[in-house]
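Those letters in the sequence shown? Residues -25 to -1, 1 to 318, per mature numbering (1 follows the signal peptide of the UniProt record, and there is no 0), in order.
Here a beta-carbon is modelled for each residue, glycine too, at the ideal position from N, C-alpha and C.
Treat the numbers as computed from the prediction; the structure is a model and nothing was measured.
For reference, the structure is listed below as structure tokens.
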Amino acid sequence: MHNRRKFIKLSAFGIPMLSSFSSLSRDFTTGLGQEQVRPIVISTWDFGIAANQAAWKVLSAGGRALDAVEKGVHVPEADPKNQSVGYGGLPDRDGHVTLDACIMDELGNCGSVAGLEHIMHPISVARLVMEKTPHVMLVGDGALQFALENGFKKENLLTKESEKAWREWLKTAKYEPIMNIENKLYDKAAPRKLPGNQYNHDTIGMLAIDAKGNLSGACTTSGMAYKLHGRVGDSPIIGAGLYVDNEIGGATSTGVGEEVIRNVGSFLVVELMRQGYSPEDACKEAVMRIIKKKPDIAKKIQVGFLALNKKGEYGAYAIQKGFSYAVCTAQKSDLLIDGKSYY
């Protein structure tokens, strides 16, 4: 997409050098033309609107991006109607609601939890892992023990609605994870509903730039519905589900985490932006890596990437249609954008 040698050669002959981000389409939805827009917060899916607005309360008061993304993703984590993030999340095949989350700040500090049960806000536990331990990740019983020792309350996260859906699945279940089960679940009731709208949710990934120009990000999920007990996707993996580099920008992902992990997706997006790719083009290239490696599998799954660069420009790209993302700035707090896709 960007031929560095040709670029330098043209510059030497007096052709004006363009910003490495100027190749973006002149489309409002890319964020182009909003250089130095800050604060700004973006997140995956339509429920990101409410999450962004919670984050905005922190950003608009001059708060740190790290605090903003934590508070922002608290909203879907505590929403029992959202069956793939936090409270009310669909369980694994054995009936356990297990949560994964990670957080990363402008200094490169990061923390995560995986396979955490009984805690409403795994993102806050992940932040404590970052701030109070020498580690990056705690998992399972150890993560729960750490949370309880730090004052978190043990709760039952399996709602009646999610338990009912799980028991219905058990009637014909094969003991293997089913990709995009959330899509299939909601399609049965409303086949015209696309994945990603208010009837169908997935992981929330959030990226923000505060008034000082610093970036942070958060990612949290209850993971793939009816997964094998102990399965962990990309959401708590730094570099896969989330990555932030304060010099360049940040990226997050959503969808089938196994394919994101195999390509270290969010780190890849940030490194492509470092090379001069626009946020959207970087997300598209990361998607194409997945498609090229496993074209048959790619036709059956959804993976989407969302990115925000240091200038406040943003973009997204997904394998399948239906991936939306939300943007909040001082000019507009409830912008919802349909991300571009390969299929």
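Asked	Found
Specify, as a first and last residue, the run of the beta strand (DSSP E) that Ala293 falls within.	289 to 293
Kindly identify the DSSP beta-bridge partner or partners of Arg281.	Before going on, a small fix: residue 281 reads as Leu here, not Arg. In DSSP, Leu281 forms a bridge with Thr227, Ala291.
Among the candidates Ala26, Pro66, Ala89, whose CA atom is the shortest distance from the CA of Glu52?	Ala26
Check for me: the alpha helix (DSSP H) holding Ser241 runs from which residue to which?	240 to 249
Spatial neighbours of Leu41 within its chain, please: C-beta separation below 6 Å, excluding the five flanking residues on both sides.	Asp80, Ser191
What do you reckon, are the CB atoms on Gly205 and Asp75 nearer than 8 Å?	no
Per DSSP, which residues does Asp220 bridge with? Please list them.	Gly224
In this structure, does DSSP put Val207 in helix, strand or coil?	coil
For the beta strand (DSSP E) holding Glu18, just list the boundary residues, first then last.	The amino acid occupying residue 18 in the given sequence is Ser; Glu does not appear at that position. Taken as a continuous stretch (DSSP letters only), the beta strand (DSSP E) holding Ser18 covers 15 to 19.
Rounded to whole angstroms, what is the Cα-Cα separation between Ser229 and Thr19?	Rather than Ser, the amino acid found at residue 229 in this sequence is Thr. Cα to Cα, the separation comes out at about 8 Å.
Note down, one range per segment and in chain order, each alpha helix (DSSP H) of at least 4 residues found wholly within the segment 22 to 88.	23 to 34, 40 to 52
State whether the segment 235 to 249 contacts the segment 203 to 219, with contact taken as three or more CB pairs (one from each stretch) at a distance under 8 Å.	yes
Between the alpha carbons of Gly47 and Ala29, how many angstroms are there, rounded?	5 Å
In this structure, how does DSSP classify Ile312 when only helix, strand and coil are distinguished?	strand
Report the residue from Asn131, Ala101, Ala89, Leu103 whose alpha carbon sits nearest the alpha carbon of Asp116.	Ala89
Tell me whether the segment 125 to 137 and the segment 52 to 64 touch, counting them as touching only if at least three CB pairs, one residue from each stretch, are closer than 8 Å.	yes
Using the Cα positions of Ile312 and Ser210, report the straight-line distance between them to the nearest angstrom.	22 Å
If you draw a straight line from the alpha carbon of Asp21 to that of Ala140, how long is it in whole angstroms?	23 Å
Quick check on DSSP: helix, strand or coil for Ala101?	helix
Beta-carbon separation of Ile98 and Thr304 under 8 Å?	no
Is it right to say Thr108 is buried, meaning 16 or more other beta carbons lie within 10 angstroms of its own, or is it exposed?	exposed
Could you check if Ser124 is buried or exposed, using at least 16 other CB atoms within 10 Å of its CB as the buried criterion?	The amino acid at residue 124 is misidentified as Ser; the sequence shows Glu. Glu124 should be labelled exposed.
Between which two residues does the beta strand (DSSP E) containing Ser137 stretch?	No beta strand (DSSP E) holds Ser137; the alpha helix (DSSP H) holding it covers 135 to 145.
List the whole-angstrom C-beta distance separating Gly86 from Ala101, where the pair is believed to meet the contact cut-off of C-beta under 8 Å.	5 Å
To the nearest angstrom, report how far apart Ile94 and Ala193 are at their CA atoms.	17 Å
Which term fits Lys32, buried or exposed, when burial requires 16 or more other beta carbons within 10 angstroms of its beta carbon?	exposed
Check for me: the alpha helix (DSSP H) holding Val235 runs from which residue to which?	232 to 237
Mind checking Arg142: buried by the 16 CB within 10 Å criterion, or exposed?	exposed
Please report the straight-line C-alpha distance between Ile294 and Glu255, rounded to a whole angstrom.	13 Å
If you compare alpha carbons, which of Val302, Val278, Ile272, Asn284 is closest to Lys296?	Val278
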